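Numbering follows the UniProt record's numbering, with no gaps: position 49 of the sequence shown is 49.
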Amino acid sequence: QLVFFGLSNQLVVSFKEENTVAFKHLFLKGYSGTDEDDYSCSIYTQQDAYDSIFYVINQYRHLKNISLGTLGYEHEESGLKICKQQYKRGTMLPSNDTLNID
Numbered sequence: 001q002l003v004f005f006g007l008s009n010q011l012v013v014s015f016k017e018e019n020t021v022a023f024k025h026l027f028l029k030g031y032s033g034t035d036e037d038d039y040s041c042s043i044y045t046q047q048d049a050y051d052s053i054f055y056v057i058n059q060y061r062h063l064k065n066i067s068l069g070t071l072g073y074e075h076e077e078s079g080l081k082i083c084k085q086q087y088k089r090g091t092m093l094p095s096n097d098t099l100n101i102d
């Protein structure tokens, strides 16, 4: 039973890792397969940020047509929701990499 549990757990881990790579290729514009680390993707200009957001939206809209696997949305009733938060003030101190947001 211990071996069965270990094999079952390994399948879950493999599924998660493989899906993470698939989603990165589907939704990160210009993703090359190599990360700076496992959790980041760098964007350097406002235009790059806008282009990346519109790329994700477009890829999501065409997900059923472009994915090879069983990726898709369950219901087509509502569209993609984008949440935006705005802050009054933000300051950054380059000397010690401190970011203060009001």
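Virtual Cβ for every residue (Gly too), placed ideally from N, Cα, C.
These numbers come from a predicted model, not from an experiment.
The alpha-carbon separation between aspartate 97 and cysteine 41 amounts to approximately 19 Å. A contact between stretches requires three or more CB pairs, one per stretch, nearer than 8 Å, and the segment 57-66 fails this requirement with the segment 12-23. According to DSSP, threonine 91 shares a beta bridge with Asn100. In terms of Cα proximity to leucine 68, the closest of Ser8, Gly6 and His25 is His25.
Our two residues, methionine 92 and isoleucine 101, have alpha carbons roughly 9 Å apart in a direct line.
Rounded to whole angstroms, the gap between the alpha carbons of tyrosine 31 and isoleucine 66 is 16 Å. At a Cβ-Cβ threshold of 9 Å, tyrosine 50 and phenylalanine 27 do not count as neighbours.
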